[in-house]
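This report concerns only the one structure given below.
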Amino acid sequence: MSLILTRRRLLTGLAVGAGGLVAGCDAIGNNGTARDTLFRGEDVHRALQRALTDRAALAREFRPEQMSPYFRTNGSRDPGTVDYAAYVSNGFADWRLQVDGLVAHPLSLSLSQLKAMPQRAQITRHDCVEGWSAIGKWQGPRLATVLDAAGLSSRARYIVFHCADRSGGVPYYESIDLIDAFHPQTILAWAMNDAPLQLGHGAPVRLRVERQLGYKHAKYVMRIEAVASLAGIGQGKGGFWEDRAAYDWYAGI
Amino acid sequence: MDAPATMEPVRVIRRHKLATRIWHWVNAVAVIIMIGSGAMIFNAHPRLYWGQYGANFDHAWLELPRFPGWFTIPATYNLALGRRWHLFFALVLAFALLAFMLWSLANRHFAKDLRVRAAELAPRHLWTDFKAHLAFRFHDPANPGAYNIFQKLSYVGVIFVLLPLAILTGLALSPGMDAAWPWLTDLWGGRQSARSVHFIAASLITLFVVVHLTLVILAGPINEVRSMLTGKWRVPEDGA
């Protein structure tokens, strides 16, 4: 009898304990100092990866027969603004990519100028933060080529991508550091699977930064800005999802 | 109730080494947080695939309903915060396991307590131990401090198979690690395969936790929990 009571009490205790743990975790997740500690995990992962692995390592490239039969879209499918609709209506002939910030020569590049630059094509795996993966082929000039043409200042530490799409009225943007910006596979893709980029995949140009998760691959890129600090852009955390929901800025994890 | 005059005195033995006790509790916290936050991450896309790729239009070998809020960390849907919990405690889990392994090689815990002897795997021995479990007798009266064969197999399975499996498949989900160490993904036949194996390993670890807690309760929870805190364990009087 007493044994049964003890067990019952224990099981109740365990259930309450488990509930308490979840509630406790929620309290910690919302508390300042504890939250900061938890968020330092991102820095430790980035530091370990950068210290223990080759910074120039290439993401795997696949053969054409290994590609996903269907590559789903995600996030914005269409920026839906008047300006963007005007670009679409004449096949992005009037669209220009601005390159400015900490550069010697700000650029304004047309789609045909981007297509005329040396090209890189790669069949890579796209990993969404949600867990799914899709393999597709991407083509465009290397970001390094564009940055070299603009003459990046030695003060620049981050490259920011300002996009045409908005969510809840807030413009999408993303940022990467110079290690990823000058990585050989980091390209401004205007073609996907041997065809011009579709609207849902970020036409006319999206960033490919192959060693990070999908939300870093900014779609509908309008402006590339070189900066010394991410403070003052958006809410200062380096990207739309980083600002809105505290996603990791370093998404190589 | 007459106490027999010849009742043996209560025997207390030192059961768990300091390293074992420290790691047990650090790992217990880490594993529970990894399971809860992992379930939250799974809820973002509760479908599993084999191979390099896998998304909504591809064939999923397993599709589950979302885990309920009482099981996930945080309790309401928040993928970003679930990832923060998961990635922080991934470091705790992995480095604590590494430290425990090195320490347990040095203090001979693995060699003395967890080494499985061939005789213990003989069908007759397994059957005898199995019947003893059904009778709730978990200890050999002649050598009460020793683990029985099912304990050994499950501890070895968790320490040397399931936890390393979860860590390696978890690393294979990182796009940065995949680029640096391609063999990590190749081991499993692709990132989506690694994700499936990660889920299976986590499910088996969860099963271990449930069975482990049940047996702690059946074996005498106060004595068992105390022994994992202080190291001292009272030998059950009936030799059970």
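Residue numbers (this note's numbering), protein chains in the order written: chain A, 6 to 258; chain B, 631 to 870. Glycine included, every Cβ here is placed at the ideal spot set by N, Cα and C.
Helix, strand or coil: how does DSSP classify residue 172 (chain A) here? strand
Enclosing beta strand (DSSP E) for residue 131 (chain A) [first to last residue]: 124 to 132
Reduced DSSP secondary structure (H/G/I, E/B, other) of residue 181 (chain A): strand
Is it true that the CB of residue 733 (chain B) sits closer than 9 Å to the CB of residue 831 (chain B)? Not closer than 9 Å, so no.
Under 9 Å between C-beta atoms, does residue 705 (chain B) make it to chain A? yes
Status (buried if at least 16 other CB within 10 Å, exposed otherwise) for residue 88 (chain A): exposed
So what's residue 740 (chain B) in DSSP terms, helix, strand or just coil? helix
According to DSSP, which residues form a beta bridge with residue 770 (chain B)? Paired residues: none, contrary to the question.
For residue 788 (chain B), list the residues DSSP reports as bridge partners. BP columns for residue 788 (chain B) are empty, so no partner.
In this structure, does DSSP put residue 192 (chain A) in helix, strand or coil? strand
Residue 219 (chain A) to residue 257 (chain A) span [Cα, whole Å]: The straight-line gap from Cα to Cα measures roughly 10 Å.
If you follow the beta strand (DSSP E) that residue 105 (chain A) is in, where does it begin and where does it stop? 101 to 106
Indicate whether at least one CB of chain B lies closer than 9 Å to the CB of residue 248 (chain A). no
So, for residue 204 (chain A): in the same chain, excluding its five sequence neighbours on each side, which residues have a beta-carbon less than 6 Å away from its beta-carbon? 83
Where does the unbroken beta strand (DSSP E) through residue 212 (chain A) begin, and where does it stop? First-last of the beta strand (DSSP E) with residue 212 (chain A): 211 to 213.
In the structure shown, what three-state DSSP assignment does residue 301 (chain A) receive? The structure shown does not extend to residue 301 (chain A), since chain A spans only 6 to 258, so no value can be given for it.
Count the CB pairs spanning the stretch 102 to 121 of chain A and the stretch 796 to 813 of chain B that are closer than 8 Å, and state whether there are at least three. no
Please list, in chain order, the chain B residues whose beta carbon lies closer than 8 Å to that of residue 179 (chain A). None at all; the shortest Cβ gap to chain B is about 15 Å.
Answer yes if the stretch 122 to 135 of chain A comes into contact with the stretch 163 to 174 of chain A, meaning at least three C-beta pairs across the two stretches below 8 Å, and no otherwise. no
Could you pull out every residue in the same chain whose Cβ sits closer than 8 Å to the Cβ of residue 656 (chain B), ignoring the five residues on either side in sequence? 722, 726
Return no unless some Cβ of chain A is closer than 9 Å to the Cβ of residue 686 (chain B). yes
Beta-carbon proximity check, residue 671 (chain B) vs residue 709 (chain B), cutoff 9 Å: yes
Going along the chain, which residues of the stretch 138 to 156 of chain A sit with their C-beta nearer than 7 Å to a C-beta in chain B? 138, 139, 140
Cβ atoms of residue 31 (chain A) and residue 705 (chain B): under 9 Å apart, would you say? yes
Can you give the beta carbon distance from residue 114 (chain A) to residue 130 (chain A), rounded, assuming they're within the 8 Å contact cut? Between residue 130 (chain A) and residue 114 (chain A) the Cβ distance is about 28 Å, and since that is not below 8 Å, they are no contact.
9 Å is my cut-off, CB to CB: does residue 792 (chain B) come that close to chain A? Not an interface residue.
Contact between the stretch 140 to 149 of chain A and the stretch 185 to 196 of chain A is defined here as three or more beta-carbon pairs at a separation below 8 Å; is this criterion met? yes
Does any CB atom of chain B fall closer than 9 Å to the CB of residue 47 (chain A)? yes
With C-beta atoms as the reference, is residue 155 (chain A) less than 9 Å away from residue 112 (chain A)? yes
Any C-beta of chain A within less than 9 Å: which residues of the stretch 789 to 813 of chain B qualify? 803, 804, 805, 806, 807, 808, 809, 810, 811, 812
Sorted by chain position, which residues of the same chain lie with C-beta nearer than 8 Å to residue 646 (chain B)'s C-beta, five sequence neighbours on each side aside? 654, 857, 858, 861, 863
In three-state DSSP terms, what is residue 689 (chain B)? coil
Quick one, which of A:209, A:163, A:79, A:222 has its alpha-carbon nearest residue 183 (chain A)'s? A:163
Is the CB-CB distance between residue 810 (chain B) and residue 57 (chain A) below 9 Å? yes
Leaving aside the five residues before and after residue 54 (chain A) along the sequence, list all residues of the same chain whose C-beta is less than 7 Å from its C-beta, in chain order. 257
What's the call for residue 751 (chain B), buried or exposed, on a 16-neighbour Cβ count within 10 Å? exposed
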